[in-house]
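Protein chains in written order, with the UniProt record's numbering: chain B, 1 to 164; chain G, 1 to 164. Using N, Cα and C, we set each Cβ at its ideal position, and we do this for glycine too. Below is one structure, written out as structure tokens; comments come after it.
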DNA sequence: GCCAATTGCTTGAAGTTTAAAGAAATTGCA
DNA sequence: TGCAATTTCTTTAAACTTCAAGCAATTGGC
């Protein structure tokens, strides 16, 4: 009887505990910060996080974006974006225009109102985030950025391998 | 005229850009992994992520947990947990029992079926996560753990300061 | 013991989210 | 050209989520 291999098999049926703990910690951090941002957005601006996120994507460009672009960037489903855009057009923050060369395509832009309101929120938002990470040194931040970039690459590789 | 202070004021109206980029990267990582886990859970086990998360909390304990405990640990609202538990009791995965000493309190446990199914899923889940972080060295993982712990502490401090 | 405050949970409304199916338009290829 | 794939977007159903209001039970002064 091979005691070594027996013991190993029982105690280390592949030790993936550290990765799991890492994932849970990552998730906890994100959930915590997301909840905080959500609360503050509601409290100070009476706006939901998804709407803020959508406007943030649109604020980056001047000439509009299609629904598909939005759903890819926000990493949510197409149908989801349809509904969000609908409500934001309704409230006067967004402007939708059908493409002249491809009638399936809708270009979405921030209205003047939408951009003005977003800019106000974004300024505050940036301060909140700075405060949230206030205990981290510049070096900590650089290191986190680097490691998260590596993690992102790894996760993309893993996701791609599955769907292939 | 003081050129220095002028320039500074224009170019650095508080530079919080790095923190914001860090937050977006953190969020992207989490969203990416979460989406991957969600897909695989649905695909292989036909279960939703929230249900898996809830069962994961209950699997840690043998003698059950109250709804409040669950909502605190999962960092979601009370009403949310009520609905989730309801559906999982319905499907035979959970068991609810009213406390004898405090009739407001409900103790929730995994049924035999629930625990068996969860264990199967958890084994697979752990492998997925190990693969997701597969490109990271043990040292990378240790560093990420450390920095995320620091970030979590910082975020908690920030959240607490606001609500105070 | 009384009763205001607190705690545990549920409910209802509004919104977000996904997955899946489908409609409309365009593209590419034989 | 013809028409099968593809792309873009919408729709639908079910589930998830939050917030706020509310109910019932318990607790902590007094």
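Secondary structure at residue i, three-state DSSP: helix, strand or coil?
i: residue 136 (chain B); result: coil
i: residue 87 (chain G); result: helix
i: residue 9 (chain G); result: Its pLDDT being 48, under 50, residue 9 (chain G) is placed unreliably by the model, and the measurement read from it follows with that caveat. Looking at residue 9 (chain G) - three-state DSSP - the assignment turns out to be helix.
i: residue 125 (chain G); result: helix
i: residue 75 (chain G); result: coil
i: residue 15 (chain B); result: coil
Could you work out which residues of chain B lie near residue i, taking near to mean beta carbons separated by less than 7 Å?
i: residue 18 (chain G); result: 141
i: residue 92 (chain G); result: Correct list: empty, because the minimum Cβ distance to chain B is about 27 Å.
i: residue 167 (chain G); result: Residue numbering for chain G in the displayed model covers 1 to 164; residue 167 (chain G) lies beyond these limits and cannot be assessed.
i: residue 48 (chain G); result: The premise fails here: residue 48 (chain G) is roughly 15 Å from chain B at the closest Cβ pair, so nothing lies under 7 Å.
i: residue 33 (chain G); result: 23, 155
Our contact map puts residue i next to residue j with C-beta atoms below 8 Å; I'd like the distance itself, whole angstroms only.
i: residue 54 (chain B); j: residue 74 (chain B); result: 7 Å
i: residue 129 (chain B); j: residue 19 (chain G); result: 5 Å
i: residue 131 (chain B); j: residue 158 (chain G); result: 5 Å
i: residue 93 (chain G); j: residue 113 (chain G); result: 6 Å
i: residue 41 (chain B); j: residue 151 (chain G); result: Rounded, the Cβ-Cβ distance is 20 Å, inconsistent with contact.
i: residue 147 (chain G); j: residue 36 (chain B); result: Incorrect: roughly 19 Å between the Cβ atoms, too far for contact.
i: residue 32 (chain G); j: residue 156 (chain B); result: 7 Å
How about residue i and residue j: do their beta carbons lie closer than 7 Å?
i: residue 133 (chain G); j: residue 163 (chain B); result: no
i: residue 27 (chain B); j: residue 50 (chain B); result: no
i: residue 119 (chain B); j: residue 106 (chain B); result: no
i: residue 45 (chain G); j: residue 121 (chain G); result: yes
i: residue 109 (chain G); j: residue 64 (chain G); result: yes
i: residue 76 (chain B); j: residue 67 (chain B); result: no
i: residue 125 (chain G); j: residue 126 (chain B); result: no
i: residue 30 (chain B); j: residue 30 (chain G); result: yes
What residues of chain G sit near residue i, judged by a beta carbon separation below 7 Å?
i: residue 83 (chain B); result: Those do not exist, as residue 83 (chain B) stays about 19 Å from chain G at its closest Cβ, beyond 7 Å.
i: residue 52 (chain B); result: Simply none; closest approach about 12 Å.
i: residue 131 (chain B); result: 158
Listing by chain order, which chain B residues have their CB less than 9 Å from the CB of residue i?
i: residue 115 (chain G); result: Within chain B, no residue comes near residue 115 (chain G); the closest Cβ sits about 18 Å away, beyond 9 Å.
i: residue 98 (chain G); result: The contacting residues do not exist; residue 98 (chain G) stays about 30 Å from chain B at best.
i: residue 69 (chain G); result: Near residue 69 (chain G) there are no residues of chain B at all, since even the closest Cβ is about 16 Å away, more than 9 Å.
i: residue 111 (chain G); result: Under the 9 Å cutoff, chain B gives no residues; its nearest Cβ is about 24 Å from residue 111 (chain G).
i: residue 86 (chain G); result: Here the premise fails: no neighbours, minimum Cβ distance about 23 Å.
i: residue 145 (chain G); result: 18, 21, 22, 25
What in chain G is Cβ-close to residue i, meaning under 9 Å?
i: residue 126 (chain B); result: 14, 16, 17, 19, 20
i: residue 28 (chain B); result: 75, 148, 152
>> My parser needs the alpha helix (DSSP H) runs of 4 or more residues fully inside the region 17-70 of chain G; what are they?
In response: Those alpha helix (DSSP H) runs which fall completely within the region 17-70 of chain G and span 4+ residues are 17-45, 49-59.
> Considering only residues of the region 89-115 of chain G, which uninterrupted beta strand (DSSP E) runs meet the minimum length of 3 residues and lie entirely inside it, listed in chain order?
Replying inline: 94-98, 106-110
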